[in-house]
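Below you'll find the structure, written out as structure tokens, and then a few comments.
2 protein chains.
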Amino acid sequence: MNSASNQPDHALAQALLFPQSVALYGASDDAGKTAGRPLKFLRAAGYEGKIYPVNPNRQTVQGETAYQSLAALPEVPEHVFILTPTNTVLDAVHECARLGVKVVTILASGFSESGPDGAAREQALRELSRATGVRVLGPSSLGVINPEAKLVLTANAAFAEPELPRGKVFVASHSGSMIGALVSRGKARGVGFAGLVSVGGEADLCVGEICAATLDDPGIEGYLLFLESLRHGDKLRAFAVEAAKRGKPVIAYKLGRSAAAAEMAATHTGALAGEDDIADAFLKDLGIARVCGLEALPEAFPLAKRIPLETGGAPRRRVGVVTTTGGGAAMVVDQLGIRDVVVEPASPATLAKLEAAGIAVSAGRVLDLTLAGTNYDVMKGALDIMFEAPEFDVVLAVVGSSARFQPQLAVKPIIDSAASRKPLAAMLVPDAPEALASLTAAGVPCFRSPEACADAIASEFARRVPGLQPAVGVAPAASAMPLSEAQAYAILDQLGVPHAPAVTMPLAGPAGRLPFDFPVVAKVCSEQIPHKTEVGGVVLGIQDQTQLEAALASLRHNLAERAPGKRCDEVLVQPMTRGLTEVLVGYRVDAEAGPIVMLAAGGIWAEVARDRSIRLAPVSVEVAREMITEVKALQTVSGLRGKQRGDLEALARAVSSLSQLAVKPDLRIDEAEVNPLMVLSEGQGVQAVDALVLKW
Amino acid sequence: MNSASNQPDHALAQALLFPQSVALYGASDDAGKTAGRPLKFLRAAGYEGKIYPVNPNRQTVQGETAYQSLAALPEVPEHVFILTPTNTVLDAVHECARLGVKVVTILASGFSESGPDGAAREQALRELSRATGVRVLGPSSLGVINPEAKLVLTANAAFAEPELPRGKVFVASHSGSMIGALVSRGKARGVGFAGLVSVGGEADLCVGEICAATLDDPGIEGYLLFLESLRHGDKLRAFAVEAAKRGKPVIAYKLGRSAAAAEMAATHTGALAGEDDIADAFLKDLGIARVCGLEALPEAFPLAKRIPLETGGAPRRRVGVVTTTGGGAAMVVDQLGIRDVVVEPASPATLAKLEAAGIAVSAGRVLDLTLAGTNYDVMKGALDIMFEAPEFDVVLAVVGSSARFQPQLAVKPIIDSAASRKPLAAMLVPDAPEALASLTAAGVPCFRSPEACADAIASEFARRVPGLQPAVGVAPAASAMPLSEAQAYAILDQLGVPHAPAVTMPLAGPAGRLPFDFPVVAKVCSEQIPHKTEVGGVVLGIQDQTQLEAALASLRHNLAERAPGKRCDEVLVQPMTRGLTEVLVGYRVDAEAGPIVMLAAGGIWAEVARDRSIRLAPVSVEVAREMITEVKALQTVSGLRGKQRGDLEALARAVSSLSQLAVKPDLRIDEAEVNPLMVLSEGQGVQAVDALVLKW
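Going line by line, the protein sequences match chains A and B.
Just so we're on the same page, the numbering used here is the position in the first sequence counted from 1, plus 305.
Just so we're on the same page, the numbering used here is the position in the second sequence counted from 1, plus 305.
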């Protein structure tokens, strides 16, 4: 993405994916060796640009003339693949920059993932790129494949295979080996690719920037991302927003759903993995469909192409299922149910139409055609009626044994419905590779397992239309400083987040008169003491003026004992407030995901049950209402079982208000945590009774 | 299972799976029709027993002599497949019984799943079977396949395929179409079967009884079950216990993890689906590995065969992962992590051995061989060292691209390790069907997706050694009657479950002196009023004798107003008790699963978060401790973050004690719910402060 214009960087796409000439720096004579593969693969693929093997130790490489240096080449190559060991890389990139090479791809590892020396090397590489304008792919990149240009510029052994299936989907992957696995897995399913890039350590070029550069390519209709982290989240965000505008779906598999894998991603690629539910919110809010299993990754695109992102209005997410096998359909319904996708039963009107058409169905959640028998007219008739039925937004056909032996019976009618006005998908219960191939060729999304089918559908339904996210400057965390509680309330006042009444008075005393009734709480108020309880800085349940005076004395005493070096002039006094329940509302600028807002169950539950909802900030009141339904603890104040209802509307407003920090960069707030926010009875509102705000 | 002797019923297995003669009642001349298929399939398979087509309307069927009736056959066939419509079935079974046929399989549907008429028909069928001894498979059974006997006695069109791969696993399925799907999916993975039975509606023969009958068959080494419910749970239990004794693993896929699918199972098969977490506990406690996805079902057996059930001692569930691809291994680690399976890093001793052997590995959770390079000696050397490493119980090899092109590099060493002393499994990242086939042929458990791999491993680790479960008579629920709270405490006393002190006094007054201090609570005490609060039958916070007298009066008044027809003579008085937290402990005889014990978070949390742990009853104190760790709410009293610790040992004892009801049939308790049970501080014990017990 050209950040000035938000337009795709065509020059980058050209040098990266459609270079007129490539140099293979350190090309090996042995085509079986890693450094020998790119030359072999490029020749085998019939790449029509110029190929320059560079190897100072040989006259020829694999029978071709070897050049002694980059400077010795007859022209400046557009793209250089550096195949030499780690310690030679920086010099080579320097030479490329000097010569005016546009893109350099680096195979070697041994950069930020390998300790302080490597990190320094990576920093030097990044500075070299910035200073000279040479764009760098890698380190640890296995290269770039572009079938359109017959460019198989990779050291990945998987590309030894002659046939490279072409398709409409572009792949960018943190893992170099996965591009090979995707190609073979796609092949097995009749799915090809418009290009594949192993991005490696993303010292310069990253997933978001590379994909963004290709957005105007008419041969690319969608994107598959294999992510180990959300590194360079800002670029990913910019790309996703533009892709959504163009209606090009983005599907991602992201590692790190478990703690162990998050830790691995760190050691494997040097990326610092964030919390997975933040990543999940990030992807969904940017309209990226996150599949949970590898199986669904190559299968999900045709479905994504047919399910438009919801642009307002009621979500259209009701799946109608028709089947020739009750047991098979039940598996899919089960898998969808686990993922909170509703399978809608047919309406009486639809059942009447089926009956009028002579199609017998069993009563129930799915249209089971077993009684009607498996044949073309029954399936085609049922599908046509379902396409007209207002209760279904997506139609899923689950086909049993006949799919393997007699595709003309129930698979053919699905293929003949490929142009249906509603999204249509198929799941085949037996192993039926030929039927899958026919469906795929016809553009019908189809699945070979109930799990992958449900995974793909659920991931589509979970993505949301990306807002035009603001570019809020991320300050280095070290420079952010806490405000005092009174200063924090001033920020809440600006945002419109209600808090309990509060007055300040000198810590030195005497205790002033209060504008509200006892009992009250008194707290030390200083930007130097963000964690008041830890220093004995809070006195609860103060019943009268005398006790208040005593409280000031004891706060002075505690501070002198437990926080001797801290400056504190004021005490903040508030009425004691009890809500029906308490929650935590937080805003922060995540290092990867950018500004996020979080609503969590209060107290120990937040930690024990990880009961929380996260979105990219800012959020509307409507989205905040959605967040409230996602926090289980809040069901206890939702009117359940005759229990008292909390003021959830006021809570939604408070969440939305706090999240507006994302569009108020002038306030220079890095992080704001209201904890606890008391939720009072319906109509009584909410009240912050403590807040911690970090400003840079 | 022959219930008298607990020995497999060989005669049943013989007639069902190895009949000398079969009659096809209602065989059609049209081999393409459902009723024509069994004859065609039996002939095509080369079945060597006698086949008698019976069709009163024809002289010949598919070129063979058609008999006019069952009575007209030259001998009594061992097994009759009834292919005629629903309304003719009962007469045909009656005739079979009269002739002395051993097993009858019924294809027709239209029984208990289809309303009152069908239910009556099924009841008649069941009584006919009981009265005459004829064993019935079905209704709605698609038949039986036994490759060993070349018996393809099925109407499932999937068996038109000539080749039927043979294997060591026996399949029993509630869904008839799934047996076809399993065969084709197994074929694609090189997995065959020792037999497949479509059990249909289980009016007589059920999954458990059929599988149990085959337990002595040396050709059968394990079982795959496709379950839509736990119908006939007692038989399933008896089978699972015997299978575990014989070391024959049982793997199940059970529908109904989501509410929608549970409802579908009911309409599809007439089974009443229970709550899924009860089913989950049932399967695990019986040593059955429950896989969550269809993908893993045909792949799980070889692994199950190699992972013995844990018989005491520390669980041996630490997986060591070795890989040629960091990204691929990370996917598997992630999927394992989601399922709470620990991937163990190599110990320093193991790393030293690898270094001594010249095998370079990256530091981290998995042994990544990328640096060492992908070749036979590296992988074989690493595997051999892992087999000796005490920190690994199971070794998993994740192979990248080379698995597809050069299996000699990293797949061959796995195959050569097939006889390893530790369980070994492989997961291949690319599409590599040939390598999968070689591994499967060598008996190495292998997987084509990270999800199926993790699913199979996690399901194996989750199963537990089945105890010798007691056969407690299940009384019809209608006959169970509630006890009064005082009577319920008497039962708790017998079991050793502590409760708060309690005295009773006449409702009529006067209020007697109490053996404990005020404040107290007074509750109406009558077996006719199980839900006291609903009739105003509880007075809390009584501070002295006068208030107690007043409380009796107000209870009298409330009962007269709100429960006029109910008899109540007594009031139960208890001290007010507050615990650190409260829980629900319940025992009941589940209609399908039998006696179970449940520990749940107290109050509204149990419903909101479904925060509970279930086991088959009875449980030891040790198992009860495990259950406590599974209830999230109890983490709040486990000493977390310096919070006060509850008496979890006393809780474990109470759970175990209550569960002993399962082995005390003389108490005739159908259900017992202690709610709430107060958990006091460590060392202070637990106290029931209410209990509802149903006796039959």
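We treat Cβ as the ideally placed atom computed from N, Cα and C, and that holds for glycine.
Nearest to residue i (by Cα), restricted to the options the options
i	options	result
B:Gly438	B:Pro313, B:Asp334, B:Leu469 and B:Leu404	B:Leu404
A:Asp798	A:Leu744, A:Val979 and A:Val876	A:Val979
B:Val646	B:Glu353, B:Met983, B:Glu756 and B:Val449	B:Glu756
B:Trp1001	B:Pro970, B:Glu383 and B:Gln850	B:Pro970
A:Leu860	A:Ala813, A:Ala898 and A:Ala905	A:Ala813
B:Gly669	B:Asp682, B:Phe692, B:Gly625 and B:Ser707	B:Gly625
B:Phe766	B:Pro554, B:Cys751 and B:Arg973	B:Pro554
B:Gly524	B:Gly495, B:Arg536 and B:Pro452	B:Pro452
B:Ile720	B:Val734, B:Val704 and B:Pro735	B:Val704
A:Glu790	A:Ile762, A:Val802, A:Gly631 and A:Glu832	A:Glu832
For residue i, the first and last residue of its enclosing alpha helix (DSSP H)
i	result
B:Phe692	Tyr681 to Glu693
B:Val317	Inspection of the sequence shows that residue 317 of chain B is occupied by Leu rather than by Val. Unbroken alpha helix (DSSP H) run through B:Leu317: His315 to Leu322.
B:Leu744	Pro738 to Ala746
A:Cys401	Thr391 to Leu404
A:His384	That residue, A:His384, is in no alpha helix (DSSP H); its beta strand (DSSP E) goes His384 to Ile387.
A:Ala996	Taken as a continuous stretch (DSSP letters only), A:Ala996 belongs to no alpha helix (DSSP H), being part of the beta strand (DSSP E) at Ala996 to Lys1000.
B:Cys516	Val512 to Ala518
B:Thr882	Run containing B:Thr882: none; DSSP gives neither H nor E here.
A:Ser434	Pro421 to Thr437
A:Arg348	Arg342 to Ala350
Chain-order list of residues whose beta-carbon lies under 8 Å from that of residue i (same chain, five-residue window excluded)
i	result
B:Ala336	Arg342, Leu344, Lys345 and Gln367
Own chain residues within Cβ distance below 6 Å of residue i, not counting five before or after
i	result
A:Val385	Ala328, Tyr330, Cys401, Val406 and Val409
A:Ala865	none
A:Arg821	Going by the sequence as given, residue 821 of chain A is Phe instead of Arg. The residues are Pro806 and Pro880.
Cβ distance (whole Å) where residue i is taken to contact residue j below 8 Å
i	j	result
B:Val699	B:Lys727	7 Å
A:Pro900	A:Ala967	4 Å
A:Val502	A:Leu487	The pair is not a contact, with the Cβ atoms about 12 Å apart (cut-off 8 Å).
B:Leu714	B:Thr679	5 Å
A:Pro358	A:Ala332	4 Å
A:Leu510	A:Arg440	6 Å
A:Ala955	A:Val998	Not really, about 21 Å apart at Cβ, beyond 8 Å.
B:Ala687	B:Val627	5 Å
Start and end residues, beta strand (DSSP E) containing residue i
i	result
A:Phe766	Taken as a continuous stretch (DSSP letters only), A:Phe766 belongs to no beta strand (DSSP E), being part of the alpha helix (DSSP H) at Pro755 to Ala767.
B:Ser478	Arg471 to Ser478
A:Ile919	Arg917 to Leu921
Where residue i meets chain A, residues with beta-carbon distance less than 9 Å
i	result
B:Arg562	Asp639, Gln640, Gly642 and Ile643
B:Val449	Under the 9 Å cutoff, chain A gives no residues; its nearest Cβ is about 17 Å from B:Val449.
Contacts of residue i in chain A (Cβ-Cβ under 8 Å)
i	result
B:Arg490	Pro735 and Asp736
B:Lys937	Val913 and Ala914
B:Phe710	Ala462, Ala463, Ala465 and Glu466
Same chain only: Cβ atoms within 7 Å of residue i, ignoring 5 sequence neighbours per side
i	result
B:Ala868	Ile834 and Val840
B:Ser308	Confidence at B:Ser308 is low in this model, with a pLDDT of 47, below 50, so the placement of that residue should be treated as unreliable; the coordinate-derived value is given next. Nothing meets the Cβ criterion.
A:Arg1002	This structure does not reach residue 1002 of chain A, given that chain A is present from 306 up to 1001, and the question cannot be answered.
B:Pro781	For B:Pro781, the predicted model reports a pLDDT of 49, less than 50, meaning its position is unreliable and no value from the coordinates is stated.
A:Leu885	Val942, Gln949, Gly951, Val984, Leu985 and Ser986
Within chain A, the residues that residue i reaches when beta carbons sit closer than 7 Å
i	result
B:Gln940	Val913
Closer than 8 Å at the beta carbon, the chain B residues around residue i
i	result
A:Pro755	Gly598 and Leu599
A:Glu533	Gly632 and Ala635
A:Gly495	None at all; the shortest Cβ gap to chain B is about 12 Å.
Proximal residues of chain B, C-beta to C-beta of residue i below 9 Å
i	result
A:Ser482	Thr629, Thr630, Gly631, Gly632, Gly633, Thr675, Gly705, Ser706, Val734 and Pro735
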